[in-house]
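For reference, the structure discussed in these notes is given below.
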Amino acid sequence: MAEEKEDLFSKKNISLLTDPLNDDNPITVQVLGICSALAITVQLKPAIVMALAVMFVLIFSNVIVSLLRNLIPSRIRIIVQLLIVASLVIIVDQVLKAYAYDVSKELSVFVGLIITNCIIMGRLEAFALGNGPWKAFLDAVGNSAGYAIILVIIAFFRELLGSGKLLGYEVLGHKGRTLAESTGVYHYGYENNGFMLLAPMALITVGVIIWVQRSKNTKLIEE
Amino acid sequence: MNFLRKKLDKVKPLFEKGGKYEKFGPAYFGIDTFLFVPNHTTKRGAHIRDGIDLKRVMMVVVIALLPALFFGMWNVGFEAMGAGHSFWEYFSFGALRVIPMIVVSYVVGLGIEFAYAIMRGHEVNEGYLVTGLLIPMIMPVELPLWMLAVSVVFAVIIGKEAFGGTGMNILNPALVARAFALFSYAPHMSGNAVWVANGGADAASGETILGVLGTNQMPTTSVYDMFMGYIPGSIGETSVLMILIGAAILLFTGIASWRVMLSIVLGASLTGLFFNAVGSDTNALFNFPWWQHLLVGGFAFGTVFMATDPVTAAQTTKGKWIYGFLIGFLAIMIRVINPTLPEGMMMAILLMNVFAPTIDHYVVESNIKKRKKRLQKVKA
Chain A
0 MAEEKEDLFS
10 KKNISLLTDP
20 LNDDNPITVQ
30 VLGICSALAI
40 TVQLKPAIVM
50 ALAVMFVLIF
60 SNVIVSLLRN
70 LIPSRIRIIV
80 QLLIVASLVI
90 IVDQVLKAYA
100 YDVSKELSVF
110 VGLIITNCII
120 MGRLEAFALG
130 NGPWKAFLDA
140 VGNSAGYAII
150 LVIIAFFREL
160 LGSGKLLGYE
170 VLGHKGRTLA
180 ESTGVYHYGY
190 ENNGFMLLAP
200 MALITVGVII
210 WVQRSKNTKL
220 IEE
Chain B
0 MNFLRKKLDK
10 VKPLFEKGGK
20 YEKFGPAYFG
30 IDTFLFVPNH
40 TTKRGAHIRD
50 GIDLKRVMMV
60 VVIALLPALF
70 FGMWNVGFEA
80 MGAGHSFWEY
90 FSFGALRVIP
100 MIVVSYVVGL
110 GIEFAYAIMR
120 GHEVNEGYLV
130 TGLLIPMIMP
140 VELPLWMLAV
150 SVVFAVIIGK
160 EAFGGTGMNI
170 LNPALVARAF
180 ALFSYAPHMS
190 GNAVWVANGG
200 ADAASGETIL
210 GVLGTNQMPT
220 TSVYDMFMGY
230 IPGSIGETSV
240 LMILIGAAIL
250 LFTGIASWRV
260 MLSIVLGASL
270 TGLFFNAVGS
280 DTNALFNFPW
290 WQHLLVGGFA
300 FGTVFMATDP
310 VTAAQTTKGK
320 WIYGFLIGFL
330 AIMIRVINPT
340 LPEGMMMAIL
350 LMNVFAPTID
360 HYVVESNIKK
370 RKKRLQKVKA
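Following this line, the structure appears as structure tokens:
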């Protein structure tokens, strides 16, 4: 097979890993997985946990589906894929409930909704069904990392500007009831931007990221 | 003026193509054409053109805004200091509070406009002349200046430049600024502490009429005060009389659409009448007389200066009626039924701004269909 002759880290394979970070980013270019990017990016911590959860599910499901790709009858492939993804999501959900109960409560329904995350179904359909496990692994790592980067960027700005914290630490100072009681920038009359906590601002943040990315990366500009 | 013209002509070659500061050309021509009538002539073909250009339009709107603005300054002083002071005491107090807001709005907004014009190499558009005056007029006087600046930045970049600049925006930029400020800094944009400036001799409680109604009480303000504008509220919105003078200027010069204004009033009146007829024991707003709805809050200001914005309003004649009617309807609906927003005018206009192109599309489509049918009849 031609596949086995190929070097493990050939240029093509590396691009599987790096393309989704910028040129083919799942959120900003393919515009998939937007719903979770809006819902769980109010704070940095749940966003990171969510990114890790999606990474785990995507990597395993991509590799498993890729291994089974010649055995799955194409008529029922969606059901098989869903079964695999669902079992992995249940594992993630149980682990989170056992070891990180607070975060799991914060993420609430969105852990379960990883099953319907378009990025995962998209990669299974578009990539894992037609490629070997090693390539599927690289593809999964790349795509989930691309997802994670955008999630962390959005959550960084939303938590910093919306509640003046990062990962729960009050990096901008403490806000007391009066100016005299407040420290840091709050002492000078700064106030948190409540709009950042609402979902529309997450969408606008995604829009701004897309804007910045396209003005830097002119390949992405359509005619 | 001659001196200024000479100065401008002297440095002109530096900014023209091939000049030393070619990059800053847009900024130079922006200032030049703002100060003097441009001497451009049509180069090819004959076009029927109106003598009025975008700059003149904008200046007329600014002039129409001045009565409401000056009254707003006076009223800021009046609300803060209470009765018993002279006209100039009120006016100077208010001017000292309002002028910094206008300066911040213009400096920040025009700064961004000029930066964009230079970056993209197009001319500076005049659109911000009106927006920059509108923004402070629809804010409460106690809004910190830096919050005003942040709202202006958001409105100009996200509300306008992201869509392609003046004339391309979907939403009214001034209302984008206000909506941003409301959702971002809600405690500074609502409640009873922000409408009256601090520092007056005897500061009265500054609840707006809609705010009073929101607490399920009937306001005791006289209709005369509502009409004249001796009430707390955003800086420019209180005086219906001054806004009507502005409306007269806009309608006389043909800049604003009377159809939009009239249909908004119609929509709001009918909705108000409906709620009056239904009545309610638990919600005072149901019983608030329908015609007084037209006098309080941002209704008059929004109707005259915001909804008629030719860029964001519907363009077709039939579309304007639908657009206006729905604004009036939604504004009263939000006021009366939604407990979290005391005023609905801003949201109603923003929402209908979004729908305006859709309304126009269907009006145009139905017109095409009608004409096709007529053609078939003639053929048959």
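These protein sequences, in sequence, are chains A and B. One point on numbering: in numbering that gives the first Met the number 0, the residue at position 193 of the first sequence is 192, and numbering is uninterrupted. One point on numbering: in numbering that gives the first Met the number 0, the residue at position 59 of the second sequence is 58, and numbering is uninterrupted. Don't be surprised by glycine CBs; every beta carbon is placed ideally from N, CA and C.
Touch test, the segment 248-264 of chain B against the segment 227-237 of chain B, Cβ-Cβ under 8 Å, three pairs minimum: Short answer: they don't touch.
Under the three-state DSSP convention, the category residue 98 of chain A falls into: Here the question's residue 98 of chain A lines up with position 99 in the first sequence. Three-state result, residue 98 of chain A: helix.
Under 7 Å by beta carbon: chain B residues contacting residue 197 of chain A: Taking the first sequence and counting its residues from 1, the one referred to as residue 197 of chain A is at position 198. Under the 7 Å cutoff, chain B gives 182.
Segment limits, alpha helix (DSSP H) that includes residue 187 of chain B: Position 188 of the second sequence, counted from the first residue, corresponds to residue 187 of chain B. Per DSSP, residue 187 of chain B belongs to the alpha helix (DSSP H) from 185-188.
Unbroken stretches of the alpha helix (DSSP H), 4 residues or longer, contained in the segment 190-239 of chain B: If we require 4 residues or more, the alpha helix (DSSP H) runs fully inside the segment 190-239 of chain B come out as 208-213 and 222-227.
Residue 74 of chain B classed as buried or exposed, judged by whether at least 16 other C-beta atoms fall within 10 angstroms: What you label residue 74 of chain B is simply residue 75 of the second sequence in a count that begins at 1. Per the 10 Å Cβ criterion, buried.
Of the listed residues B:59, B:14, B:32 and B:28, nearest to residue 304 of chain B (C-alpha basis): Here residue 304 of chain B corresponds to residue number 305 of the second sequence, with the count starting at 1. Nearest of B:59, B:14, B:32 and B:28 to residue 304 of chain B, Cα basis: B:59.
Residue 374 of chain B to residue 364 of chain B span [Cα, whole Å]: Numbered from 1 along the second sequence, position 375 holds the residue referred to as residue 374 of chain B. Numbered from 1 along the second sequence, position 365 holds the residue referred to as residue 364 of chain B. Those two C-alpha atoms are separated by around 15 Å.
Test item: CB-CB of residue 62 of chain B and residue 248 of chain B under 8 Å: As a position in the second sequence, residue 62 of chain B is number 63, starting the count at 1. As a position in the second sequence, residue 248 of chain B is number 249, starting the count at 1. Yes, the pair counts as a contact, with Cβ atoms nearer than the cut-off.
Classification of residue 322 of chain B by the beta-carbon crowding that lies within 10 angstroms, buried from 16 upward: For the purposes of this step, residue 322 of chain B is taken as residue 323 along the second sequence, with counting starting at 1. Classification of residue 322 of chain B: buried, given that the 10 Å Cβ count is 16 or more.
Sufficient close CB pairs (3 or more, under 8 Å) joining the segment 202-221 of chain B to the segment 149-168 of chain B: Two segments are said to touch when three or more pairs of C-beta atoms, one from each, lie closer than 8 Å; by this definition the segment 202-221 of chain B does not touch the segment 149-168 of chain B.
Residue-chain proximity (residue 0 of chain A, chain B), Cβ-Cβ < 8 Å: What you label residue 0 of chain A is simply residue 1 of the first sequence in a count that begins at 1. Reliability of the predicted coordinates at residue 0 of chain A is poor, the pLDDT of 42 falling under 50, and the value obtained from them is presented with this limitation in mind. Not an interface residue.
Beta carbon proximity, residue 192 of chain B to chain A, threshold 8 Å: Stepping through the second sequence from its first residue, residue 192 of chain B is reached at position 193. Using beta-carbon distances, residue 192 of chain B does not count as an interface residue toward chain A, since no partner is under 8 Å.
Near-chain A residues of the segment 150-173 of chain B (beta-carbon distance less than 8 Å), N- to C-terminal order: 157 and 161
C-beta neighbour in chain A for residue 185 of chain B, strict 8 Å: Residue 185 of chain B sits at position 186 when you count from the first residue of the second sequence. Put simply, the CB of residue 185 of chain B is near chain A, with a gap under 8 Å to one of its CB atoms.
Identified DSSP bridge partners for residue 165 of chain A: To locate residue 165 of chain A, count along the first sequence from 1; it is residue 166. Residue pairing by DSSP puts residue 165 of chain A in a beta bridge opposite A:168.
Limits of the unbroken alpha helix (DSSP H) element including residue 111 of chain B: By 1-based counting over the second sequence, the position of residue 111 of chain B is 112. 86-119 is the extent of the alpha helix (DSSP H) around residue 111 of chain B.
Members of the segment 334-360 of chain B near chain A, C-beta cut-off 9 Å: none
Distance CB(residue 301 of chain B)-CB(residue 289 of chain B) smaller than 8 Å: Mapped onto the second sequence, residue 301 of chain B falls at position 302. Mapped onto the second sequence, residue 289 of chain B falls at position 290. Result no, Cβ atoms of residue 301 of chain B and residue 289 of chain B do not sit closer than 8 Å.
Spatial distance of residue 266 of chain B from residue 226 of chain B (CA atoms): Counting from one through the second sequence, the residue named residue 266 of chain B turns up at place 267. Counting from one through the second sequence, the residue named residue 226 of chain B turns up at place 227. Cα to Cα, the separation comes out at about 20 Å.
First through last residue of the alpha helix (DSSP H) which encompasses residue 71 of chain B: Residue numbering aside, residue 71 of chain B sits at position 72 when the second sequence is read from its first letter. 53-80 is the span of the alpha helix (DSSP H), which, as asked, contains residue 71 of chain B.
Supposed contact pair residue 113 of chain A and residue 52 of chain A - C-beta distance, whole angstroms, cut 8 Å: Looking up residue 52 of chain A in the first sequence gives position 53. Looking up residue 113 of chain A in the first sequence gives position 114. Going by Cβ atoms, the distance from residue 52 of chain A to residue 113 of chain A rounds to 6 Å, so yes, they are a contact pair.
For residue 174 of chain A, the nearest candidate out of A:137, A:167 and A:182 (CA to CA): As a working note, residue 174 of chain A is residue 175 in the first sequence. Looking at the Cα atoms, A:182 is the closest of the given residues.
DSSP three-state assignment for residue 378 of chain B, whether helix, strand or coil: In the second sequence, the residue the question calls residue 378 of chain B occupies position 379. Here residue 378 of chain B sits in helix by DSSP.
Cβ-based burial, residue 211 of chain B [other Cβ within 10 Å; buried from 16]: Residue 211 of chain B sits at position 212 when you count from the first residue of the second sequence. Buried, since its Cβ has 16 or more Cβ neighbours within 10 Å.
Nearest to residue 39 of chain A (by Cα), restricted to the options A:207, A:14, A:219 and A:201: One-based indexing of the first sequence puts residue 39 of chain A at position 40. The shortest C-alpha separation from residue 39 of chain A is found at A:201.
Neighbourhood of residue 371 of chain B by C-beta, 6 Å cutoff - its chain only, sequence neighbours within 5 removed: In the second sequence, counting from the first residue as 1, residue 371 of chain B sits at position 372. Cβ within range, chain order: n/a, list empty.
Beta-carbon spacing of residue 103 of chain B, residue 148 of chain B below 8 Å: For the purposes of this step, residue 103 of chain B is taken as the residue at position 104 of the second sequence. For the purposes of this step, residue 148 of chain B is taken as the residue at position 149 of the second sequence. Their beta carbons are under 8 Å apart, which means residue 103 of chain B touches residue 148 of chain B by this criterion.
Neighbour list for residue 203 of chain A in chain B, Cβ cutoff strictly below 7 Å: The count along the first sequence starts at 1 and reaches residue 203 of chain A at position 204. What residue 203 of chain A touches in chain B: 157.
Residue 208 of chain A and residue 118 of chain A closer than 8 Å at C-beta: For the purposes of this step, residue 208 of chain A is taken as the residue at position 209 of the first sequence. For the purposes of this step, residue 118 of chain A is taken as the residue at position 119 of the first sequence. The answer is no: Cβ separation not under 8 Å.
Residue 144 of chain A versus residue 210 of chain A - alpha carbon distance: Here the question's residue 144 of chain A lines up with position 145 in the first sequence. Here the question's residue 210 of chain A lines up with position 211 in the first sequence. C-alpha of residue 144 of chain A to C-alpha of residue 210 of chain A: approximately 20 Å in a straight line.
Pair within 8 Å by beta-carbon distance, residue 15 of chain A and residue 166 of chain A: Taking the first residue of the first sequence as 1, we reach residue 15 of chain A at position 16. Taking the first residue of the first sequence as 1, we reach residue 166 of chain A at position 167. No. Outside cutoff.
Interface partners of residue 192 of chain A on chain B, CB under 7 Å: Your numbering for residue 192 of chain A matches position 193 in the first sequence. Correct list: 183.
Under 9 Å by beta carbon: chain A residues contacting residue 143 of chain B: Translated into positions along the second sequence, residue 143 of chain B becomes position 144. Per Cβ cutoff of 9 Å: 188 and 190.
Close Cβ partners of residue 136 of chain A (< 6 Å) along its chain, the five nearest in sequence each way excluded: Here residue 136 of chain A refers to the residue found at position 137 when the first sequence is read from its first residue. 62, listed in sequence order.
Exposed unless 16 or more other CB atoms sit within 10 angstroms - verdict on residue 167 of chain B: Position 168 of the second sequence, counted from the first residue, corresponds to residue 167 of chain B. Burial call: exposed.
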